[in-house]
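J.:
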Amino acid sequence: MMPIPPMIRAGLPLGLLLLGACAQSVERPEVSAPSSVARLQIIAFNDFHGHIDEVGQSVLPPGSPADAPRLAAGGAIHFAQAVERLRAENPNSAVVSAGDMISASPLISGHFLDEPTIRVMNKVAVDFNSVGNHEFDRGPDELRRIQSGGCEKFTKLAPCQVMPDFPGASFGFLAANVQQADGSTLFPAYGLKRFSLGGGAVTVGFVGVTREGTPDIVAPSGVANLRFLDEAEAANAYVPALRQAGADILVLLIHEGGYASGEGDPGDCGSLSGPLPEIMSRLDPAFDLVISGHTHQAYVCRYGAVDPGRPFLATSAGQYGTQITRITLDYDVAARKLLDKRAENVLVAQLPDAPAAQPELADLVARYRAAAAEVSDRVVGKLGGPLTPVADASGQSTLGNFIADAQLTATRAPERGGAQLALMNPGGLRSPITPLPDGAVRFGDLYSAQPFGNVVLVKQLTGTQIRAALEQQFTRGTRPSILSVSSGFGYSYDASRPAGGRVFDIMLNGAPLVDEGIYRVAMNNFIAQGGDGLRLFAPAPVLAEGPVDVEALEAYIASESGRDPPALDRIRNVTPQ
1484 MMPIPPMIRA
1494 GLPLGLLLLG
1504 ACAQSVERPE
1514 VSAPSSVARL
1524 QIIAFNDFHG
1534 HIDEVGQSVL
1544 PPGSPADAPR
1554 LAAGGAIHFA
1564 QAVERLRAEN
1574 PNSAVVSAGD
1584 MISASPLISG
1594 HFLDEPTIRV
1604 MNKVAVDFNS
1614 VGNHEFDRGP
1624 DELRRIQSGG
1634 CEKFTKLAPC
1644 QVMPDFPGAS
1654 FGFLAANVQQ
1664 ADGSTLFPAY
1674 GLKRFSLGGG
1684 AVTVGFVGVT
1694 REGTPDIVAP
1704 SGVANLRFLD
1714 EAEAANAYVP
1724 ALRQAGADIL
1734 VLLIHEGGYA
1744 SGEGDPGDCG
1754 SLSGPLPEIM
1764 SRLDPAFDLV
1774 ISGHTHQAYV
1784 CRYGAVDPGR
1794 PFLATSAGQY
1804 GTQITRITLD
1814 YDVAARKLLD
1824 KRAENVLVAQ
1834 LPDAPAAQPE
1844 LADLVARYRA
1854 AAAEVSDRVV
1864 GKLGGPLTPV
1874 ADASGQSTLG
1884 NFIADAQLTA
1894 TRAPERGGAQ
1904 LALMNPGGLR
1914 SPITPLPDGA
1924 VRFGDLYSAQ
1934 PFGNVVLVKQ
1944 LTGTQIRAAL
1954 EQQFTRGTRP
1964 SILSVSSGFG
1974 YSYDASRPAG
1984 GRVFDIMLNG
1994 APLVDEGIYR
2004 VAMNNFIAQG
2014 GDGLRLFAPA
2024 PVLAEGPVDV
2034 EALEAYIASE
2044 SGRDPPALDR
2054 IRNVTPQ
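Numbering (my numbering), first residue to last: 1484 to 2060.
#1: Could you spell out the range, first to last residue, of the alpha helix (DSSP H) harbouring P1552?
#2: If you drop the 5 nearest sequence neighbours on each side, which residues of the same chain put their C-beta closer than 8 Å to that of G1983?
#3: Which residue from E1695, D1731, G1691, F1637 puts its Cα closest to that of S1679?
#4: Compute the Euclidean distance between the alpha carbons of P1650 and L1844, then round it to the nearest angstrom.
#5: Taking buried to mean at least 16 other C-beta atoms within 10 Å of its own C-beta, is E1537 buried or exposed?
#6: Hey, P1963 and F1957 are a contact pair by Cβ (cut 8 Å); roughly how many whole angstroms apart?
#7: How long is the line joining the alpha carbons of A1581 and F1656, rounded to whole angstroms?
#8: DSSP on K1639, reduced to helix/strand/coil?
#9: Going by the CB atoms, is the gap between G2013 and P1703 shorter than 9 Å?
#10: Output yes or no for whether 9 Å exceeds the beta carbon distance between G1741 and P1760.
#11: Using the Cβ count rule (16 or more neighbours within 10 Å means buried), how would you classify R1959?
#12: Taking DSSP's pairing of strands, which residues face T1693 in a bridge?
#13: Fully enclosed by the stretch 1820 to 1903, which alpha helix (DSSP H) runs are 4 residues long or longer?
#14: Could you check the C-alpha separation between Y1976 and A2035 for me, to the nearest Å?
#15: Assign P1623 to one of three DSSP states: helix, strand, or coil.
#16: With a threshold of 16 other CB atoms inside 10 Å of the CB of G1682, please say whether the residue is buried or exposed.
#17: Within this structure, are the beta carbons of E1714 and V1692 separated by less than 9 Å?
#18: Going by the DSSP bridge assignment, what does F1562 pair with across the sheet?
#19: For P2049, which of helix, strand or coil comes out of DSSP?
#20: What residue range does the alpha helix (DSSP H) around S1931 cover?
#21: Select from A1521, A2038, P1872, A1652 the residue whose C-alpha is nearest the C-alpha of K1865.
#22: Which residue wins for smallest C-alpha separation from V1831, given the options G2029, V1520, A1559, H1532?
#23: Pop quiz: I1700 and N1612 are said to be a contact at Cβ under 8 Å. What is the actual Cβ separation, rounded to whole angstroms?
#24: May I have the straight-line CA-CA distance separating F1654 from E1857, to the nearest angstrom?
#25: Considering Cα atoms alone, identify which of Y1721, S1859, A1769, G1593 is closest to L1821.
#26: Here's the rule: buried if 16 or more other CB atoms are within 10 angstroms of the residue's CB, otherwise exposed. What is S1931?
#27: Classify L1919: buried if its beta carbon has 16 or more other beta carbons within 10 angstroms, exposed otherwise.
#28: Going by the beta-carbon positions, is the gap between A1672 and Y1721 smaller than 9 Å?
#29: Compute the Euclidean distance between the alpha carbons of P1758 and P1915, then round it to the nearest angstrom.
#30: Assuming Y1974 is part of the beta strand (DSSP E), what are its boundary residues?
#31: Which same chain residues end up closer than 8 Å to P2049 when comparing Cβ atoms and leaving out the 5 residues on each side of it in sequence?
#32: With burial defined as no fewer than 16 other Cβ atoms inside 10 Å of the residue's Cβ, what is the status of N1708: buried or exposed?
#33: Compare the beta carbon distance of G1927 and G2045 with 9 Å and say whether it is the shorter of the two.
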């Protein structure tokens, strides 16, 4: 397959400013560069998730001990100022994102289909974004609109609610391993940025890939008719095309990452676990940098200490725009050779002069904050206590059980599907719901807890299928992923038993679950379509379509004054300790 023509952007210098912040870094001593050596800069971030408002944003400063105070960080205004100051230090800069720039966002962005975030990133002058799994939450048609612009409606939310004529992203989305039915990539596989320098020119090539397992964590409707290829194989396939296009330095933008264990030398990637090290072990040594995301971790390390034949510099900048990675490259233009590469994660400090320095962005955020407040501040009812997504020893949480009850209530009536029980996936629980002192709960709290806009469905399942789904909780990953269940349904489990026999005493409204029985089960469309690896739900027939999940939650709270958090007595963990 011929590669899609690359997108090309030219480097533009900006004014001179200075950023002072804490840093986590892997560096070599600064040396004076010979006249033929060009010093380039890549400013990288990942997992921004629409966090354009700085309210409530804080982070542990890079390189600080775990017990150090958290500092206010992030927000569109401060993020833009930090990027601008780094650019001012070195006008030969590129700004890139390793995915999940949008979706799973706070209401200020997510309720407006993340148009505010794209407008912010256009102001920041991002060069490229490698799509992440969350970019697919609303489906490929909506993602194409976010790239190209316009106000055509592809979701239940209306586009262009606050500002008309949405322009789309002025930067390129990259998707080398996302294939459409005809074999072409959904977006260009790579992009080039050329820097014109006194001694010649240097071209940096960026390949963008997302995690191969995206279909397992996105609703199937969001990835319909798309194939997600192996990350390393897809990236490697474009190395010849990049070289032919004149790329001197190769960078992989990958929405997949690792976990820094804190043991050993954090600079040599030896302490990095998770999917990324395995992917790098198969990556073409022609790549110089691996800018990663997805795990929301902050790290900088040299993979060459693990595999000398693959001396990649691997980075990740945490989450939500609270940090950015400054990568410095020394390139000998005359010898056509990269001499050195080093990086540091820099705190995006909330500085008092930022609003005055970024008046356009300050106005933009204020405009969307006002629009969001009209939606967010609306009181929907009262609660007798907080709801938390934190699970107990059985895997239950008060938020999960409460949402399962809400979805059962929304679909229990015969004309709404006649649901008998409800299941809720833990990955869909994003933040706690904490009522005000008088017990009042605002819509914004509900949205923060369930920001995905999933629709509640009622599916027909046999007792055998329900039992199999409960057994699958122990095999979907490296640790159990327990579904929350609605009131009246419960079971016991012993995780030490052999696979297939871990779940027992399954009861529904006081009666044992019958394997041959037919049951009507409420769940969100994400798991109903096979999300979270629960593929056995996908072929089950849909009996009814209910409300959007957050609407079901709102109706449940509003239907009774002061509902109490549910008891955590539905699932019994009897695993021997």
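Glycine is no exception: its CB is placed at the ideal position from the N, C-alpha and C atoms.
What you are looking at is a predicted structure, and each value in this text was computed from that prediction instead of being measured.
T.: Let me lay it out:
#1: Careful: P1552 lies outside any alpha helix (DSSP H) and carries neither H nor E.
#2: So the list reads E1954, once near-sequence residues are dropped.
#3: Among E1695, D1731, G1691, F1637, the Cα nearest to that of S1679 belongs to D1731.
#4: Straight across, the Cα-Cα distance linking P1650 with L1844 is about 16 Å.
#5: Within a 10 Å sphere around the beta-carbon of E1537 sit 16 or more other beta-carbons, which makes this residue buried.
#6: The Cβ separation is near 5 Å, so the contact holds.
#7: C-alpha separation (whole angstroms): 10 Å.
#8: The answer is coil: DSSP assigns K1639 none of H, G, I, E or B.
#9: The beta carbons of P1703 and G2013 sit closer together than 9 Å.
#10: G1741 is a Cβ neighbour of P1760, given a cutoff of 9 Å.
#11: Per the 10 Å Cβ criterion, exposed.
#12: Secondary-structure assignment with DSSP links T1693 through a beta bridge to H1738.
#13: The stretch 1820 to 1903 contains these whole alpha helix (DSSP H) runs: 1837 to 1840, 1842 to 1859, 1881 to 1894.
#14: Rounded to whole angstroms, the separation of the alpha carbons of A2035 and Y1976 is 29 Å.
#15: DSSP places P1623 in helix when its eight states are reduced to three.
#16: Exposed, because fewer than 16 other Cβ atoms sit within 10 Å of the Cβ of G1682.
#17: Yes, the Cβ-Cβ distance between E1714 and V1692 is below 9 Å.
#18: Answer is none; F1562 lacks a bridge partner.
#19: Assignment of P2049 by DSSP, reduced to helix, strand and coil, places it in the coil class.
#20: Its alpha helix (DSSP H) spans residues 1926 to 1932.
#21: Of A1521, A2038, P1872, A1652, the residue nearest in Cα terms is A2038.
#22: Of the listed residues, the one whose Cα sits closest to V1831 is A1559.
#23: Not really, about 19 Å apart at Cβ, beyond 8 Å.
#24: Rounded to whole angstroms, F1654 to E1857 spans 31 Å at the Cα level.
#25: Answer by Cα proximity: A1769.
#26: Result: buried.
#27: Exposed: under 16 other Cβ atoms inside 10 Å.
#28: Yes. Within cutoff.
#29: In a straight line, the C-alpha of P1758 is about 29 Å away from that of P1915.
#30: Its beta strand (DSSP E) spans residues 1972 to 1976.
#31: Closer than 8 Å at Cβ, skipping near neighbours: T1881, N1884, F1885, D1888, S1970.
#32: Counting other Cβ atoms within 10 Å of its Cβ, N1708 stays below 16 and is therefore classed as exposed.
#33: It is not a contact, given that the beta carbons lie outside the stated cut-off.
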